[in-house]
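Okay, so here's the structure we're looking at.
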């Protein structure tokens, strides 16, 4: 609405006041007003070259000047034909008698068509029938058309009729300019494409400007356009808006084409009736010859480009086809609006629907086609699979042959983020039956009244529109003033409109008169266009304080309705079409002053006695909830993130609110402008509040399950990995280009990594690390934006230096192409309100990310994630040992704690959480935690992405302990290979990782008291050229040979190269003479014969050893044994155990062993550890035997048996590697044939492997 209703209504009042009781004078004033309107309103200014009052008509036309029904005459700019116009200033219903004289005059030969402009919207059927029977078409215009004019009525003056100000055409927004630019580029090589834009973002205006751009570039003086729409209502809006918003250097000739001048033939009780063709307010034709004749009458304009536009419904496409058959030229541009309507299934040999005919260029000949929609419709794979079976043709919007590719997309979420749409809130209003039976006895007793469900929904809507929050009764913010509601039938809509206030009044009781009033009006498709517009004007007009208005209908207020100040859509019942839902939601997302959100109100009634567990189980009763939410998911790219936040966030507020008005009546009336909370209710008992909290959480949980995407993070990970691989390819191509100067800079970067991590870092690994940095940057920025982690972390800063070097080689262009992806990543990661959920989100993404995108890295390093129950058990146990053996605690000054394989930082983050719990028990202070965080907590990590996540998790955990403290980065974390870090002390600063290097140097100088963590488990590969082979560490491996290997009785010592064995050796040396190690590792060392040397040395090196065998092995065991092992807590095949090693300087040597139990599930094992420590378990004492066995002591006679090979008295002289495979049974069998088959298979497989490796 460009001018306030009040301004135009003042003009009508002026006419009434100036004319007094003289009806003729009123008519004269109104005729002047109509003339000014037709001369200045763009669509009529383009249609008519002249508009005359009856007294002004030139004599050459021979039209009498007496008033015999015609008040004005207008001349068509193209054809020169004359239009007879009646300006009827009239208050009653227009009947046949009121238009008879005009119809008689219209029959004269000098008139080609007629137009009636009236101040009333009510016409009786006789008058309507009279118009429809005329051979010359008659259009009609009501006051609503004049109110919504481009003319600024607020400054109009009858005294100065020529000084008329018309609103300037709209200006392009940035995204519309982008759409035009992309369209121009796209159509250079394509003839079909899609424009996808959310409702309210200006698809119609964008397509106009695309058309103007194409017309200008074409060099043609006349540019022919076909614009197709699904309804006459939309045709009217589009025709008017294109004429209004065209650029001044263009002419526009508009032709309106309909298949029938009468209403769409549907059931008279339907709410889906289209408007009458006579209500377009513009001459419309159903005749192909008239279309061609009009086209041939067009004259060239040497100064301006002329766009010749046929605005047609899809249902009228046959008329357009016939016009082309007669000689109408090929269309330069075809625009298919609401293009989702052009999808469908057509059986071969049968006629296509009117909506799908446009796809066929042999039917409608056009140069290029643009399909525009807010809601692309795509058929399922199941439907497509039946295409060949049933000989059908499917028009689905993912079919590029029919629709082309997506040229530009602006979704709901992006439009909101960019400030062009108002965001929406889904308000699920739950009303309990008990509240109705308690407060609405009279309403419920009315046998001819409303259904129980509808009564409850009315109560919910009243509370929702004043924004009354929960059982507290408080009002939150400005109440809603305008809404449209959708109901399942016209009959129910009428009944609800009639009974709404009586239900509310009884509910409010004594406070009803003074309280918030909602006026509900029913409207439906049977209303003529003029009355529909009047109803919308009523809804849009200024409303008194403490009042609201609702238009109640079934369907017609969806497509094309533009009411910017609309606050809410209410769904009493589910709708058949998701597209209708999206269109309805689009109505409330228009921007308007003081409008913070558009509300989607879903009232539901909870039956008495409902338990939270079965809430919303009745799918039929609550179908509207699921349908609306699924419709939102189909169009709002943020929706999965919104539902994900429901699952993760502690505070559930956001785009989906669950509200319950309570069971009591409001005590005091609500008046707008009063303090929030004036609407207090009887104080609810605590039990009621607790029950409601349970119900609320149950509904949120049900929403997550019903409409959430269970594979949300997995799908996201795939997107992330795809982009990461794209980065890797781009960087690799530049590095391989010998002429590219980036090659030298990148070599410096690789060398720097080799110095800081280890010499095994290859160019490939360096590129992979850089890709990890680039891909995760937007995630971190979205989750931790206020902390600017990416800019403050030293390693991140180092990686950014390399990115800048890459940008010199053109990398910026590659990043620009991925802007939409970065925006989507930020969208999915934003909005999480607590540290725990942020950590959960990022760790889950990380796990999925590596498992699908960086399989080699995952395989090489054995990436695995430690359950929190295990981490907490180790931390508590270490703290108790510190107290019992060292008279210290984790919080004591001087106790340095190191996680040398920190992964995602869980151990260090949980140490901080543990210290927080100690502070809450008043055992330590915040100053103790700050000291520990800044001075005595340390963590190492070798994988860049893990390092980032660890730093973020640790920093977030610390900073949420006391949010009043300034954000403090964690300076105790180092990007390094822990094993390599002690191989060479001669590290030096370099241009890339100088700060990181300084941190490592400082850490190495410190005495470490406790080492905790989850070391990698992978052992060295058998082939040296395998990319995943583990790095050699001469000093560390030498120490293993001097200790574990020397004491091991086994000949084969490969298992001593396992990373966790290295971790035990490294940690033992790092803590020196006293200290504690707490690890979760592979449990092979407990009873493996080849690791007896490890057991012997551990017993010597440590005073106390605690082993908790969590079992879970799946390798090399019988089915019964596997069953006893139970489930693995890591979901891997290798059994695991917790080991806590203590050096306290005493002479004691004690080994404590705890078996977690047989046949236990993963959760049962974790439950045993949860909230416990070593003091809570019943250990058994282990006494090692002479072989170093802790459990399952070997047979003492074993050493007397003959060896199979390799020893002096062995059965065979030589012992080859084949013995180690333990596959002897492949080489013998009771059947000679089976042995031959096995040997042949082995030889064949061996030769295949040789061929593959060569």
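Numbering (the numbering used here), first residue to last: 39 to 1292.
Don't be surprised by glycine CBs; every beta carbon is placed ideally from N, CA and C.
Bear in mind that the values here come from a model prediction, so they are computed numbers and not experimental data.
Exercise for review: Would you mind listing the beta strand (DSSP E) stretches within the stretch 1091-1174 that are 3+ residues and don't spill past its ends, in chain order?
Suggested key: List check, beta strand (DSSP E) in window: 1113-1120 and 1142-1149.
Review point. Which value, in whole angstroms, describes the spacing of the CA atoms of residue 1073 and residue 1104?
Key: Approximately 10 angstroms, taken between the alpha carbons.
Review point. Between the C-alpha atoms of residue 471 and residue 542, what's the straight-line distance to the nearest angstrom?
Key: 15 angstroms
Exercise for review: Using 10 angstroms around the beta-carbon of residue 367, count the other beta-carbons present and answer buried if the total reaches 16, otherwise exposed.
Suggested key: It is exposed - the Cβ of residue 367 has fewer than 16 other Cβ atoms within 10 Å.
**Study point:** Option nearest residue 1045 by Cα separation, candidates 1005, 976 and 1069
**Key:** 976
Check your understanding: Straight-line CA distance for residue 1296 to residue 231?
Key -> Past the edges of the chain, shown from 39 to 1292, lies residue 1296, and the structure says nothing about it.
Point to revise | Whole-angstrom C-beta distance between residue 79 and residue 189, which should lie under 8 angstroms | key: 7 angstroms
Point to revise | Beta-carbon gap between residue 1219 and residue 1231 smaller than 7 angstroms | key: no
Review point. Hey, residue 619 and residue 661 are a contact pair by Cβ (cut 8 angstroms); roughly how many whole angstroms apart?
Key: So it is not a contact: roughly 12 angstroms between Cβ atoms.
Review point. Which of helix, strand or coil does DSSP assign to residue 1316?
Key: Summary: the structure shown does not reach residue 1316, with the chain confined to residues 39 through 1292, and so no result is reported for it.
**Study point:** Under the three-state DSSP convention, the category residue 849 falls into
**Key:** helix
Practice item. Any chance you could list the alpha helix (DSSP H) runs of at least 4 consecutive residues sitting entirely within the stretch 987-1055, in chain order? Key: Counting only runs of 4+ residues, the alpha helix (DSSP H) found wholly inside the stretch 987-1055 occupies 1016-1019 and 1032-1043, in chain order.
Practice item. Can you grab the Cα-Cα spacing for the pair residue 1300 / residue 837, in whole Å? Key: Beyond the ends of the chain as shown, which are 39 and 1292, falls residue 1300; an answer cannot be given.
Practice item. Spatial neighbours of residue 107 within its chain, please: CB distance less than 7 angstroms, with the 5 preceding and 5 following residues excluded, ordered by chain position. Key: For residue 107, where only same-chain residues beyond five positions count, the Cβ hits under 7 angstroms are 124, 139, 140, 142 and 143.
Exercise for review: Report yes if the C-beta distance between residue 375 and residue 267 is below 7 angstroms; otherwise report no.
Suggested key: In this structure, residue 267 lies closer than 7 angstroms to residue 375 by Cβ.
Check your understanding: Does the beta-carbon of residue 145 have 16 or more other beta-carbons within 10 angstroms, so that it is buried, or is it exposed?
Key -> exposed
Practice item. Kindly list the residues whose CB is nearer than 7 angstroms to the CB of residue 924, restricted to its own chain and excluding five residues on each side of it in sequence; keep chain order. Key: 1182
Review point. Apart from the five residues on each side of it in sequence, which residues of its chain come closer than 6 angstroms, Cβ to Cβ, to residue 1134?
Key: 1085 and 1226
Check your understanding: From residue 72 to residue 155, what distance separates their C-alpha atoms?
Key -> Taking the straight line from one Cα to the other gives about 8 angstroms.
Check your understanding: In chain order, what residues of the same chain have a beta carbon less than 7 angstroms from the beta carbon of residue 1285, not counting five sequence neighbours either side?
Key -> Cβ neighbours of residue 1285 beyond the five flanking positions: none.
Review point. Could you check where the alpha helix (DSSP H) with residue 183 kicks off and where it finishes?
Key: 181-185
Point to revise | Cβ neighbour criterion (16 or more within 10 Å) applied to residue 1264 | key: exposed
Check your understanding: Can you tell which of 946, 490, 465 and 134 has its C-alpha closest to the C-alpha of residue 172?
Key -> 134
Check your understanding: Are residue 110 and residue 85 touching if we call contact CB-CB under 7 angstroms?
Key -> no
Point to revise | Coil, strand or helix - residue 111 by DSSP | key: strand
Check your understanding: Across which residues does DSSP place residue 560 in a beta bridge pair?
Key -> 590
Review point. When the Cα of residue 469 is compared with those of 546, 643 and 617, which residue comes out closest?
Key: Taking residue 469 as reference, the option from 546, 643 and 617 with the minimal CA-CA separation is 643.
Review point. By how many angstroms is the C-alpha of residue 819 removed from the C-alpha of residue 1132?
Key: 45 angstroms
Review point. Secondary structure at residue 765, three-state DSSP: helix, strand or coil?
Key: Here residue 765 sits in helix by DSSP.
Exercise for review: Go ahead and label residue 353 buried or exposed: buried means 16 or more other beta carbons lie within 10 angstroms of its beta carbon, across all protein chains shown.
Suggested key: By the Cβ neighbour-count rule, residue 353 is buried, with 16 or more other Cβ atoms within 10 Å of its own.
Review point. Can you tell me the Cα-Cα spacing of residue 1165 and residue 1157, whole angstroms?
Key: For the pair residue 1165 and residue 1157, the Cα-to-Cα distance works out to about 13 angstroms.
Check your understanding: What three-state label does DSSP hand residue 810 in the structure shown?
Key -> helix
Check your understanding: Among all the DSSP beta bridges, which residues are the ones paired with residue 640?
Key -> 466
Practice item. Using the Cα positions of residue 640 and residue 606, report the straight-line distance between them to the nearest angstrom. Key: Those two C-alpha atoms are separated by around 10 angstroms.
Exercise for review: Put residue 1281 into one of helix, strand or coil per three-state DSSP.
Suggested key: helix
Check your understanding: According to DSSP, is residue 929 helix, strand or coil?
Key -> coil
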